[in-house]
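K.L.:
Here it is, the structure, as structure tokens.
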Amino acid sequence: MATLYLDQNYLSGIAKRKPAFAELEPVLRVAVAAGAIEVLESRVHELESRPRPDLGLLELLRDLSKGRRLPDELDRPAREVKRRLNWVIEHELPERRARPSDAADLEALALALTHCDLVTCDTFMADVVKRARLHLRHRADVFSGRRGDVLRLREIIEATRTRLGAATRAPPSGAADRFDMSHNELHETAKALVAPGKGILAADESDTTIQRRFDAIMLESTEELRCAYREILFTTPGVGEFISGVILFDETIRQSASDGTPFPELLAARGLIPGAKVDHGQHRLALTEHETITEGLDGLRDRLDEYRGLGARFAKWRATYSITDRLPSDYCIWVNAHALARYAALCQEAGLVPIVEPEVLQDGAHTIERSYHVTSRVLDAVYTELFDQRVDVFGTLLKPNMVLSGYDATDRAGVAEVADRTLECFYKHVPAGVPGIVFLSGGQSDEDATAHLNAMNATGPHPWELSFSYGRALQGQALRAWDGEWANAEAAQRAYRHRAKMNSTARTGAYTSAMEREAAAG
Ligand code: 13P
Numbered sequence: 002m003a004t005l006y007l008d009q010n011y012l013s014g015i016a017k018r019k020p021a022f023a024e025l026e027p028v029l030r031v032a033v034a035a036g037a038i039e040v041l042e043s044r045v046h047e048l049e050s051r052p053r054p055d056l057g058l059l060e061l062l063r064d065l066s067k068g069r070r071l072p073d074e075l076d077r078p079a080r081e082v083k084r085r086l087n088w089v090i091e092h093e094l095p096e097r098r099a100r101p102s103d104a105a106d107l108e109a110l111a112l113a114l115t116h117c118d119l120v121t122c123d124t125f126m127a128d129v130v131k132r133a134r135l136h137l138r139h140r141a142d143v144f145s146g147r148r149g150d151v152l153r154l155r156e157i158i159e160a161t162r163t164r165l166g167a168a169t170r171a172p173p174s175g176a177a178d179r180f181d182m183s184h185n186e187l188h189e190t191a192k193a194l195v196a197p198g199k200g201i202l203a204a205d206e207s208d209t210t211i212q213r214r215f216d217a218i219m220l221e222s223t224e225e226l227r228c229a230y231r232e233i234l235f236t237t238p239g240v241g242e243f244i245s246g247v248i249l250f251d252e253t254i255r256q257s258a259s260d261g262t263p264f265p266e267l268l269a270a271r272g273l274i275p276g277a278k279v280d281h282g283q284h285r286l287a288l289t290e291h292e293t294i295t296e297g298l299d300g301l302r303d304r305l306d307e308y309r310g311l312g313a314r315f316a317k318w319r320a321t322y323s324i325t326d327r328l329p330s331d332y333c334i335w336v337n338a339h340a341l342a343r344y345a346a347l348c349q350e351a352g353l354v355p356i357v358e359p360e361v362l363q364d365g366a367h368t369i370e371r372s373y374h375v376t377s378r379v380l381d382a383v384y385t386e387l388f389d390q391r392v393d394v395f396g397t398l399l400k401p402n403m404v405l406s407g408y409d410a411t412d413r414a415g416v417a418e419v420a421d422r423t424l425e426c427f428y429k430h431v432p433a434g435v436p437g438i439v440f441l442s443g444g445q446s447d448e449d450a451t452a453h454l455n456a457m458n459a460t461g462p463h464p465w466e467l468s469f470s471y472g473r474a475l476q477g478q479a480l481r482a483w484d485g486e487w488a489n490a491e492a493a494q495r496a497y498r499h500r501a502k503m504n505s506t507a508r509t510g511a512y513t514s515a516m517e518r519e520a521a522a523g
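Start counting the sequence shown at 2; every next residue gets the next number (the numbering used here).
Dropping the structure here:
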């Protein structure tokens, strides 16, 4: 059974027997009688029918709905959708901003979009929905009052009735079940990773990357030292208040602390969710000179099962894109998006939350506009592939770059501009259903990474949690403080805990640079 929300346009079109609507009505009545379509009422119908009781709109609606209705209050998914629709109106259609009559309409529309399969609305709202790129889990089909849309709806209703027939007069499907996520482990894990005030520690440096990090403190990268360094981070007291999960490299997820406890077990016992980096790194993309493709899909299904067995509950796959005047190419953008989606689909089958990490590298002298443009193209491709490959975005997290001026640009954008451009890009390209965006730090200074995150959260709430999954920006100071000596373990832990706390504070928009000085003085 499909659920249908009929807005006031449609009801009055039927009541006034306007041509397209008069064609729709008998088809609709047959489908309702056959149990193939369920019509839902909303609180707004009562409000909006009041001025024209002569049209009998409410009676017509009751006749079709038999009193079944949408919830009166907005639930969480509907709140997110409403926020996003509002954002589109404010930023893209500002001439409509002042209309108070939109508020109730928007609420009804947000509820309809999250609870119904077929949703009708006026032409303006249909445009807003299109621009908002909601990508709902089961995307509602939206119909404006244009004749073409009314006829299209009629065809769909007829096809639904023919397909389902009276034989499937099953108990109501309860569209609301689609958003009842309490029993879905993937959704719960994704939400837990972006729980209020918490972010993720990326401690999944590959052998070559950790070698680079150790080079900076003139330390040889041996297995013992890598293990010791990670043990210091993972056993930092009190960090569970700020950190939700830790991403581990293949070697680390198989290592144990000095008391013999395997790292995934040690983390889980401290309330931290273990995750695994599962890609095999970036390799030159065939027939290009300077672009990369991330490898690691062959055999991934079995490896994911193994990681889950070792205790991982989420995974990470990173794709990278360089910015020049000509790059990245569409070729590079789409093959990486395809691979990210194949990885994400396999993760969900294996019961792991995929962290989808398309990183637009910010090396170079490009402007913030260029970064915005490239990041937009990349995200657009990534979400197209994720949807095409049936990935449930409610059970994913996005790990993107922030939209920055290139590190070598002369006139680099400040904190407020970075926050604005980054948010604008995500509002346009990241579905509202994604529970969280966990930024990478990507070579920003520790304090910049914190200040940017803070500025974005200061203008919230947003449809997704905005959090962090930093590597360098959480570990840089700790690594220097450790300097390869057990004796410095406490100083390293203090440095890591401090950065974790600063970024946790940035999740609420309450961070100030004075906090850094206070901590240094204390
Ligand atoms: P950075 O925060 O150092 O960019 O690392 C995050 C990460 O995991 C990159 O894949």
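Cβ coordinates follow ideal geometry from the N, Cα and C atoms, glycine included.
Since the model is a prediction, treat every value here as computed from it, not as a measurement.
#1: Mind checking whether the beta-carbon of residue 372 lies closer than 7 Å to any heavy atom of the ligand 13P?
#2: If you run the structure through DSSP and keep just helix, strand and coil, what is residue 403?
#3: Can you look up residue 372 in the DSSP assignment and give me helix, strand or coil?
#4: Just mark residue 20 as buried or exposed, buried being the case when its beta carbon has 16 or more other beta carbons within 10 Å.
#5: Could you check which residue in 409, 415, 355 and 45 has the C-alpha nearest to that of residue 393?
#6: Using a threshold of 8 Å, state whether the C-beta atoms of residue 316 and residue 322 are closer than that.
#7: Helix, strand or coil for residue 427? Go by DSSP, reduced to three states.
#8: Hey, is residue 446 close to the ligand 13P, as in C-beta under 7 Å from one of its heavy atoms?
#9: What's the gap between the Cα of residue 324 and the Cα of residue 148?
#10: Could you give the distance in angstroms between the alpha-carbon of residue 313 and the alpha-carbon of residue 350?
#11: Identify the continuous alpha helix (DSSP H) that holds residue 22 and give its terminal residues.
#12: Is any heavy atom of the ligand 13P found at a distance shorter than 7 Å from the C-beta of residue 280?
#13: Hey, residue 161 and residue 32: beta-carbon distance below 8 Å or not?
#14: Count the other CB atoms within 10 Å of the CB of residue 200; is the residue buried (16 or more) or exposed (fewer)?
#15: Where does residue 139 land, buried or exposed, given buried means 16+ other C-beta within 10 angstroms?
#16: Taking only the alpha-carbon atoms, compute the straight-line gap between residue 230 and residue 506 and give it to the nearest angstrom.
#17: Tell me which residues share the same chain as residue 59 and place their Cβ nearer than 6 Å to its Cβ, disregarding the 5 neighbours each side in the sequence.
#18: Look up residue 318 in the DSSP assignment and say whether it is helix, strand or coil.
#19: Determine the direct distance from the alpha carbon of residue 42 to that of residue 178, and round the result to whole angstroms.
#20: Using 8 Å for Cβ pairs, my map puts residue 439 next to residue 469. What's the rounded Cβ distance?
#21: So, residue 195 versus residue 441, is the Cβ gap smaller than 8 Å?
#22: Can you tell me where the beta strand (DSSP E) with residue 390 in it begins and where it stops?
#23: On a CA-only basis, which of 282, 262 and 378 is nearest residue 250? Give me that one, please.
#24: Is it the case that the CB of residue 216 approaches a heavy atom of the ligand 13P more closely than 7 Å?
#25: Could you check whether residue 247 and residue 275 sit closer than 8 Å to each other, using their CB atoms as the reference points?
#26: Output the residues surrounding the ligand 13P, defined as those with a CB atom closer than 5 Å to any ligand heavy atom, in chain order.
#27: Compute the Euclidean distance between the alpha carbons of residue 262 and residue 244, then round it to the nearest angstrom.
#28: Compare the Cα-Cα distances from residue 390 to each of 342, 513 and 111 and report the closest residue.
#29: Any chance the region 456-464 sits against the region 201-215, with 3 or more Cβ pairs inside 8 Å?
#30: Tell me which same chain residues have a C-beta within less than 6 Å of the C-beta of residue 109, skipping the five on either side of it?
#31: With H, G and I counted as helix, E and B as strand and the rest as coil, what does DSSP make of residue 125?
#32: Using a Cβ-Cβ cutoff of less than 6 Å, which residues in the same chain neighbour residue 198 once the five nearest sequence positions on both sides are dropped?
#33: For residue 521, I'd like the list of residues in its chain whose CB is within less than 7 Å of its CB, leaving aside the five on either flank, ordered along the chain.
#34: Considering only residues of the same chain and omitting the five flanking positions on each side of residue 386, which have a CB-CB separation below 6 Å?
#35: Quick one: measure Cβ to Cβ for residue 116 and residue 209, integer angstroms, because I've assumed they're closer than 8 Å.
#36: Does the pairing of the region 423-436 with the region 471-482 give three or more beta-carbon distances under 8 Å?
P.N.:
Well, looking at it:
#1: Residue 372: no, Cβ never under 7 Å from the ligand 13P.
#2: Coil.
#3: Note: residue 372 maps to helix in three-state DSSP.
#4: Residue 20 sits exposed, since fewer than 16 C-beta atoms from the chains shown fall within 10 Å of its C-beta.
#5: Looking at the Cα atoms, 355 is the closest of the given residues.
#6: Residue 316 places its beta carbon 8 Å or farther from that of residue 322.
#7: Reduced to three states, the DSSP call for residue 427 is helix.
#8: Distances from the CB of residue 446 to the heavy atoms of the ligand 13P are all 7 Å or more.
#9: Cα to Cα, residue 324 sits roughly 45 Å from residue 148.
#10: Whole-angstrom Cα-Cα distance: 14 Å.
#11: For residue 22, the enclosing alpha helix (DSSP H) begins and ends at 20-34.
#12: No, the ligand 13P has no heavy atom inside 7 Å of this Cβ.
#13: Yes, these two residues count as a Cβ contact at 8 Å.
#14: Counting every other CB atom within 10 Å of its CB across the protein chains shown gives residue 200 a total of 16 or more, marking it as buried.
#15: Any reading at residue 139 needs caution, since the residue's pLDDT is 47, under 50, leaving its predicted position unreliable; the model's value is listed next. With fewer than 16 other beta carbons inside 10 angstroms of its own, residue 139 counts as exposed.
#16: If I take the Cα positions, the gap works out to 25 Å.
#17: Counting only Cβ-Cβ distances below 6 Å, and skipping sequence neighbours, we find 50.
#18: Three-state result, residue 318: strand.
#19: Bear in mind that a pLDDT of 38 at residue 178, under 50, signals an unreliable position, so the number given afterwards is only what the model happens to contain. Separation of residue 178 and residue 42 (C-alpha to C-alpha, rounded to the nearest whole angstrom) is 18 Å.
#20: About 6 Å separates the CB atoms of residue 439 and residue 469; that is less than 8 Å, so the two are in contact.
#21: Not in contact: residue 195 and residue 441 (Cβ atoms no closer than 8 Å).
#22: Where residue 390 is concerned, there is no enclosing beta strand (DSSP E), given that its DSSP letter is neither H nor E.
#23: Per the Cα distances, 282.
#24: Residue 216: no, Cβ never under 7 Å from the ligand 13P.
#25: A contact, by the Cβ cut-off of 8 Å.
#26: In chain order, the residues that have a beta carbon nearer than 5 Å to some heavy atom of the ligand 13P are 203, 319, 441, 442, 443, 471, 472 and 473.
#27: Distance between the alpha carbons of residue 262 and residue 244: 20 Å.
#28: Nearest option by C-alpha distance: 342.
#29: Because the criterion of three Cβ pairs below 8 Å is not met, the region 456-464 and the region 201-215 do not touch.
#30: Around residue 109: 43 and 45.
#31: Residue 125 falls in the helix class under three-state DSSP.
#32: When the five nearest sequence neighbours on each side are left out, the beta carbons in the same chain lying within less than 6 Å of the beta carbon of residue 198 are those of 505 and 508, in order along the chain.
#33: Nothing listed; no residue qualifies.
#34: Only 338, 339 and 342 meet the Cβ criterion.
#35: Not quite, the Cβ-Cβ distance comes to about 49 Å (not below 8 Å), so this is no contact.
#36: As far as the Cβ criterion goes, the region 423-436 does not touch the region 471-482, which means the pair count is below three.
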